[in-house]
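2 protein chains.
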Amino acid sequence: MRLWRHFVFIALLCSASFSQTPLNRDWEKEFRALPDPKLMREYMQRLSARPHHLGSPYGKDNAEWLLAKFKEWGVEAQIETFHVLFPSPQERVVEMLAPTKFVAKLQEPALAEDPSSNQLSEQLPSYNAYSIDGDVTAPLVYVNYGIPSDYEELERLGISVKGCIVIARYGASWRGIKPKVAAEHGAVGCIIYSDPIDDGYYEGEVYPKGPYRPSTGVQRGSVMDMPTYPGDPLTPGVGATANAKRMERKDVKTFTTIPVLPISYGDAQPLLAALVGRVAPEGWRGALPITYRTGPGPVKVRLKLQFHWDLKPIYNVIVKIPGAVYSDEWIMRGNHHDAWVNGAEDPISGMVALMEEVRAFSVLLKQGWKPKRTLIYCAWDAEEQGLLGSTEWAETHAEELRQKAVVYINTDGNGRGYLYSPGSHSLEKFINNVAKDIEDPETKLTVWKRSQLRGIADAKAPEARKELRSRPDLRIGALGSGSDYTAFLDHLGIASMHLGYGGEGGGGIYHSVYDSFHWFTNFSDTNFVYGRALAQTAGTAAMRFAESDLLPYDFSNLAETINKYLDELKKLANSKREEILERNKQIEEGVFAAINDPRAPRISPKTEEVPPYLNFAPLENASAALTQSAERYSTALQKFRETGKPAPLGLNKKLLQAEQKLTANEGLPNRPWFKHQIYAPGYYTGYGVKTIPAVREAIEQKQWPQVEPQIVRVSSVLLGMAEYINAITKELERAAQ
Amino acid sequence: MRLWRHFVFIALLCSASFSQTPLNRDWEKEFRALPDPKLMREYMQRLSARPHHLGSPYGKDNAEWLLAKFKEWGVEAQIETFHVLFPSPQERVVEMLAPTKFVAKLQEPALAEDPSSNQLSEQLPSYNAYSIDGDVTAPLVYVNYGIPSDYEELERLGISVKGCIVIARYGASWRGIKPKVAAEHGAVGCIIYSDPIDDGYYEGEVYPKGPYRPSTGVQRGSVMDMPTYPGDPLTPGVGATANAKRMERKDVKTFTTIPVLPISYGDAQPLLAALVGRVAPEGWRGALPITYRTGPGPVKVRLKLQFHWDLKPIYNVIVKIPGAVYSDEWIMRGNHHDAWVNGAEDPISGMVALMEEVRAFSVLLKQGWKPKRTLIYCAWDAEEQGLLGSTEWAETHAEELRQKAVVYINTDGNGRGYLYSPGSHSLEKFINNVAKDIEDPETKLTVWKRSQLRGIADAKAPEARKELRSRPDLRIGALGSGSDYTAFLDHLGIASMHLGYGGEGGGGIYHSVYDSFHWFTNFSDTNFVYGRALAQTAGTAAMRFAESDLLPYDFSNLAETINKYLDELKKLANSKREEILERNKQIEEGVFAAINDPRAPRISPKTEEVPPYLNFAPLENASAALTQSAERYSTALQKFRETGKPAPLGLNKKLLQAEQKLTANEGLPNRPWFKHQIYAPGYYTGYGVKTIPAVREAIEQKQWPQVEPQIVRVSSVLLGMAEYINAITKELERAAQ
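Taken in sequence, the protein lines are chains D and V. If you're matching positions, the first sequence starts at 11 in my numbering and goes up one per residue. If you're matching positions, the second sequence starts at 11 in my numbering and goes up one per residue.
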C-alpha cells in the first residue's frame, strides 16, 4: 500500500560473514537463475486483469488461482479466511454551494489506451476507507498537507478550522493523519486531493501519454488510525476468525471522527481557485495555475458520505515448505495480493516476484534441495484497508509465531532502480550480505555497489561520504508502517525487513484505476528485470536464513544504531530547549511585533515554559551494556565458528527470540498494540518511523514529565536485551571450548 | 531600474559616534518634520501621468517641470543635456512555426481600472534595449534562468543550444546576462519571459485585482553588457556631449551579439507547452500548468527584431545648494526621473522623496540654515537603458568629482518595510547612525531597530543572531550594479550608498505599463509614509555629511569587512579544490555510471585538473596593514575629538579621496572602466556584487594562473589605502597635540 519509490533509501553488504558450505552456495546460485521475467509478466496480466479489492469476486478468484498455482508447483498451500469489517461507498457527494455552484465528478474516466480502465461495474469508487458516515456543510480552509506544523502556521496566520471542512493535499504524512489532526483542531470534514506538483504534470507527462497522474486520477486509501492499531477494527489484538469476539462499531477507536474523501486535482481546482483570504505560505503552494489561498471564505462546501458497513471474508493464501532439520523455525515471507482497483504495481509487481520465488523453490525441491528450516510464503488479502490480512493472521498465530518465527521478509509494489531495504538492525549485516550477491539489471554492478555509489553521489556532508566509503555495511532505514511487516515487527517483535526496488522513473497512478497492466508495462519495470532482481533478493534472503547453521543476526550493528538514536534524542531535546529559549527571547525583544506586516498580520507566538534538562543516563548505561554484550557475542561467535562445530542444541530457538526482548508487553504509551520499543510508525506521521518512539514522541510533543519515565522504561528493555544476549553468548562460549 | 524589494537586506546603527552641535541636531530634526506625503502623491500623479522614457515628449516635459519646481523653491538648478544612442522598436515578431502556428501578441492591453494603461501611442513597446537587429528561425530550448550553471546542467543532460533560440525566465541574474551566456554557448536568439512563479499568480492575486503580474504583463529592460561598461555605448569613459567623439556602432562591445526580446507568460505558455524532450530539472519548473521540458524539438520559432538606432537628447536636472564653508566639497544625491513607461514605482516613488528633500532644504534655507558643504541634487535621465544620464554626467565631470565629491547617495524605486542600505563600508557606521534617527512608519520603532529584529528573526545560525545582538553596527551589503551609483562608486571611487525601503508586499508590474499611479496608490506605499521615511533618511544622510566637521568615514568597519571577504575567498578556493577532488574521485569510483538511469541518461562530467593551493599571504598582509591603520585612525580621531579643535585645514579634502585609493587605474581584468577593486557587478551576475572581484571571479571561473597575480595587484591597492590612512592619521595625531 505504501508508495515505496518515494522512500529515502539506505541499503545493504558487509565484509565479515558467516561461512556457508559450497553446497548451499550452489543451491543459492541455482535459485537465482530461475525467476523468469516472462512468467512474471503473465502472472501480472492475469492478477491485474480485473479489480480485485477486499471482498470482490476477482479478489477471491485471484486467491484461488494463487492457491491452485502453488499446488500445481507441488508445494503445500491453503487459504486462511478471516471476516473483517469493510466499509464501501453507498453515497459520495462533494459540492461547492458558494460562491458558485460546482459538483465534484468523483469519477476516473476510462481511457481508450488502457483496456482495464473501463471496468466501471467492478471498480471500487474513489474513497477513503474507515471514514465515518457524515453529511456536513461548512466553509472550506486549505491546510497544505494537514500535518501538525501546518496548523501551527495557520495559528500564526490567525486562521481557525473550527467548524470548517479542510482541504489538504496528499503527501508529507500517511493520509490517515490528515483527518485525525484536522478533527483535533475542530474541523468537521476533510477533503484530500492530489496536487499536480506532487505526482501530476509538474513531475512529467500525465497518463496515458506519460506515467503521471491525470487531472481525473484519485488516490484511494485507508484512513484508519493505524498508529493506534492496524487490522480489523472490530478485533484488536485477536484474529478476526468467524467466531471471534467482536467489538461494537460504536466503540471502535480507529475510525476517523469526521468524514473524509479523496478527490482529483480536476475536482479540487474549482474549490481552491474560489478561496479567498490569505495567500498560502510559499511552501504550501502546488502546481495548479491559481493563487493558493487559505480561506476561509467565501467557499462553502457540502461533503456527504454514506458507507455500507459489511463483514466480508478475506483470503490469505499460505504456502508452507517444511524444513528438513529445524521444521519449527519459520522463515516468513509475504506480499499482499489485494489491490484498490487493478493494482498492477501495488501490489502485483511484488506479488509476481514472490510467486517466482515459490516456483523456483519448487524446482529446487524436485532436484533434491531440502531447506533446513520451514519456509512460510504468504499472499495476504486486505492489506490496502489497513493491513488486515497479515494482521489478523499474525494475531491468530501469535503464540506460535513468537516461538517459531525467525524473520519476516516483506515486499509490496516494485519498480526500477535501487534496492530499498529498511528493517530490524539485527538484520543490517545480513541484508548487506545478500545485496552483495544480487546483480543490478541496468548497470550489472551488485545492487549493494550501486546503492553505495548512489549514497556517495547524494551525500551532502564529507563525513557521510567517508562513512559510505569505509563502513563495511550500508546503513538500512528503520521500518515505520505502511505494509504487512507491521504486525510481525511491531506487535510480535519478529525481526523484519522490507525489500523493494525503486528510485528511477516515477508515476502518479498510485491507488487509482490507472495502476494497470498497461501502465506498468509501458512506464515502470517494463521487462520485469527488477521483478526478477526482487525475487532473487528476497528469495536469497529467505534461503540463506533457512539454511544457515546459526541464525545470522548481528547485534553489533543494532547496538551501534541504538546508540545513534540515543544521540539523536539528546540532540532533539537540546534543540527543543534552545528553540524555546530563543523564541522566548525574541518575544521579549519584540521581534514578532517588529516584523509584522500590517497588511498581512501574524499572531505572535506565546512564551513557552523552558523544558528541563533531561536525565539520559539510564539510556546511556543501557546502550553501553548492549554494545558490550553485542561485542562479546561477536567475539564468541567468531571463536565458535573457528571450531567448525554445529550450532548448540536450542541456541537458534533462543536467538530467534532475541528481537522480542526489544518489546514490552504494555506497549507504547496510549497504544498498547505497538509493543516494539525501538521502532514504531509515528503517531503523527503514520508511515514515517519514530525510533525509540516512547521517548522521541514525548520530546517532540513536549510532554516533558513523560520523558524521564519513558527513558527508564526503555532502558530496562535494553538492559533485558543485553542480559539475554549475554546468556546466549555464555552458551556459545561454552560450546566453543 | 533594479527591483529593490527583491534584495537581501542588511542594514544599519552604531554606538560610538561623532558629536554634533545641538544646533545641527535641531536643523536635522526640523528637516525631518518637513517631507509631506500629500505632496509626494501629487508629484507622483504628475510625473507618472504619461509615458516618460528616454527621448519621449513627456520625459522632456517632466525634466522641465522638475527644473521649474526646483527654481520655484528658490534653489539653483539647471538641465544638462547629453546625446545618446537609443534603439527603439521598429519591428518585433515572435512566432512559433512548428509543431503548430502561434504568433505572440507582444502587447499589454489597457485595463479599465487603470487610467494610464491606455496611452498606447506614447508607450514604448515591450523590448530589450541594445539587443541587436536580427531575424532568426531555429528550434527552441528552455534554459531556466539562463545563467552559467544552467548550461552546465544542460551539458549533463546532453543538450546543446548551438543554433537554437533559447527561452529563459526572468530572475536569478540581471537580464543582460541571459543573452550573453546564451550567445557564448552558440544560441542564435534569446526570448525572456516572466514566469508566474516569480512575480505572477503564484505569488498572489494579479493586477488589477492584486499587485502581481497578469498574463499579459511584460518586463522591459536593458540588455546592454553593463558589466563591461554602462552608459552611452558610443562614448565609454567620456561624456556624451554634443561634440563628443563617438565610436562607430559596429565597434561597440556592449550590444548583445544575438537578438533578444522579452515576452509575457501568456505569450510564453504555448511555446513552452509544445516543447518535448527531457522534463526540466525540478528547480527549473515554474508555475504554468504544464510539464516543463527543455526541448529541443519540435518547436521551431522565428524571432525577428528591427530597431531604430537614434541619437537622442537626455536631460539631467541638477540642483546646487552651495556650501557656506567648504563649497568645493560636494554631497551628491541622485534618483532618475525617466521610466520604461509610466514608472510610478520605478523611479517616481524615489524621485518624489528626493523632491521633498530639496523642498525641505529650501524651507530651511529661508529660515537661515546654511550647509557647510555643497549639496548637489540630481534627477537623472535615461537610467533605464543603462545608467546613461548619471554615467555621462559623471564621466563629463570626472576630474572635478575626484577632487570634490564626498559621497554619492542614491535612491530609485521605493516600497514598504525595511531600510535597505548597501554601500561603501567606509560608510557602514555612518548609515547605521542615520538609521537610528529615523522612525519606521508602521511600528514606530527606529528603522535601525526594525532591521535588527528582522535580522534576528531571519538568522539561521546562532552565531548570526549573536552578532546581530552584539555588534554595534548592522552589516550593510555591498553594491553591485543596477542603479545610478555605479559610475560614482565603480568608475570614480566615490564612497556611495543606496537607500530604499522594501520587503513588505510585493508586485509584478516592474517595467510594464502597469507600473502606474493606480497600481502604486492601491498596492504599494499607498499613503506615502515610506516615501516620507526615505526623504528623511536620505536627507538626514546628506545633511549630516554636509554639516560634519570631520567627514564621517570609518575605516575600521571597512577593514573588518575586507578581512571577511578575504576569508570568503580562501574558503571559496578551498571548496573549489575539494569539489574538484571529490568529483574526480567519484568519476574514478564509477559513481556517475552507477547512478545513470538508462531512460533519462546523463553525461558524466569530465575529470578536471585539481587547482593548486594558492598564496593568499599578500592579501592577508595587506588586510592586516589596513586593519592596523584603521585602528590607528580611530584612536587618533577619538583623541582629536576630545580636544574640541576644528578639523585641520585640508584634511577633509584628503579624507574624501580615501575611497579612491581602493581603485586602480587599469581597472578590472578585461573591463578597464570598472576601477574599484573591492566592489563590482559580477561579470556573470550583472546586478549581484562580486567583492574583491578580480580575485573572486578568477577563482569562480577557474582561471587558476590569474589568481595569484590578481591577489598581488589587489594587495598593493590595499597597502596603498593603508598608507594613505596612515598619512591622514599622522596629521590628525599632530593636530591633537
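Where is the CB? At the ideal position from N, CA and C, for every residue including glycine.
Under the DSSP assignment, Gln133 (chain D) falls outside any beta strand (DSSP E); it carries neither an H nor an E label. Secondary structure at Leu728 (chain D): helix, using DSSP grouped into helix, strand and coil. Within chain D, no C-beta atom comes less than 7 angstroms from the C-beta of Leu484 (chain V); the nearest is roughly 13 angstroms away. Apart from sequence neighbours up to five positions away, the residues of its chain that approach Val146 (chain D) with a beta-carbon distance below 6 angstroms are Val198, Gly199 and Leu313, ordered along the chain. Around the Cβ of Gln377 (chain V), a 10 Å sphere holds fewer than 16 other Cβ atoms; the residue is exposed. Residue contact check for Ala297 (chain V) against chain D: a CB pair falls below 8 angstroms. Only buried fits Arg179 (chain V), as 16 or more other CB atoms lie within 10 angstroms of its CB. Secondary structure of Glu393 (chain D) (DSSP, three-state): coil.
Taking a cut-off of 8 angstroms for Cβ pairs, the region 515-533 of chain D and the region 208-224 of chain D touch, as three or more such pairs fall below it.
In the DSSP assignment, Phe96 (chain D) falls within the unbroken beta strand (DSSP E) covering Glu86 to Ala108.
For the C-beta of Ala603 (chain V), the chain D residues within less than 9 angstroms are, from N- to C-terminus, Thr453, Leu455 and Leu463. Not one beta carbon of chain D lies nearer than 8 angstroms to the beta carbon of Glu618 (chain V). For the C-beta of Tyr211 (chain V), the chain D residues within less than 8 angstroms are, from N- to C-terminus, Pro299, Ile300 and Thr301. By the neighbour-count definition (other C-beta atoms within 10 Å, threshold 16), Tyr430 (chain D) is a buried residue.
Per DSSP, Val368 (chain D) lies in no beta strand (DSSP E) segment; the continuous alpha helix (DSSP H) that holds it begins and ends at Gly360 to Lys376. Distance between Phe440 (chain D) and Tyr563 (chain D), taken at the CA atoms: about 7 angstroms. The beta carbon of Leu489 (chain D) lies closer than 7 angstroms to those of Pro432, Gly433, Tyr495, Leu499, Ser506, His508, Tyr689 and Val699 in the same chain, with the five residues before and after it left out.
The region 406-437 of chain V contains, as complete beta strand (DSSP E) runs of 3+ residues, the segments 415-420 and 426-430 (chain order). Per the C-alpha coordinates, the member of V:Val457, V:Pro608, V:Asn584 and V:Arg587 positioned closest to Leu544 (chain V) is V:Val457. Glu669 (chain V) is positioned such that its CB atom lies closer than 8 angstroms to that of Ser436 (chain V). Within chain V, the C-beta atoms nearer than 9 angstroms to that of Lys459 (chain D) come from Gly600 and Ala604, in chain order.
Nearest to Lys330 (chain V) by alpha-carbon distance, out of V:Ile300, V:Lys581 and V:Phe371, is V:Phe371. For Glu366 (chain D), there are no C-beta contacts with chain V under 7 angstroms, since the nearest C-beta of that chain is about 23 angstroms from it. Taken in chain order, the complete alpha helix (DSSP H) segments of 4 or more residues contained in the region 122-182 of chain V are 158-166. Pairing Thr301 (chain V) with Trp319 (chain V), the inter-Cα distance amounts to about 40 angstroms. A check of alpha carbon separations from Leu411 (chain D) across D:Lys476, D:Ala122, D:His501 and D:Ile358 identifies D:His501 as the nearest. If you check the CB distance, Ile177 (chain V) and Val228 (chain V) do not come in under 8 angstroms. Interface residue (Cβ-Cβ distance to chain D less than 8 angstroms): Ala467 (chain V) is classified as such. Cβ-Cβ distances below 6 angstroms link Ala569 (chain V) to Leu636, Thr637 and Ala640 in the same chain, with the five nearest sequence neighbours on each side left out; the list follows chain order.
Membership of Ile201 (chain V) in the beta strand (DSSP E) is indicated by the continuous run Gly199 to Tyr203. Non-local C-beta neighbours of Asn567 (chain D) in its own chain, meaning closer than 7 angstroms and more than five positions away in sequence, comprise His435, Glu438, Lys439 and Asp483, ordered along the chain. Taking CB atoms only, Asp205 (chain V) has no neighbour in chain D less than 8 angstroms away. Going by DSSP, Trp184 (chain D) is part of no alpha helix (DSSP H) at all; its letter is neither H nor E. Contact annotation: Asp235 (chain D) and Gly186 (chain D) have beta-carbon atoms nearer than 8 angstroms. Beta-carbon to beta-carbon, Trp75 (chain V) and Thr695 (chain V) are separated by about 37 angstroms, too far to satisfy the 8 angstroms threshold.
When beta bridges are read from the DSSP output, Glu449 (chain V) appears opposite V:Thr456.
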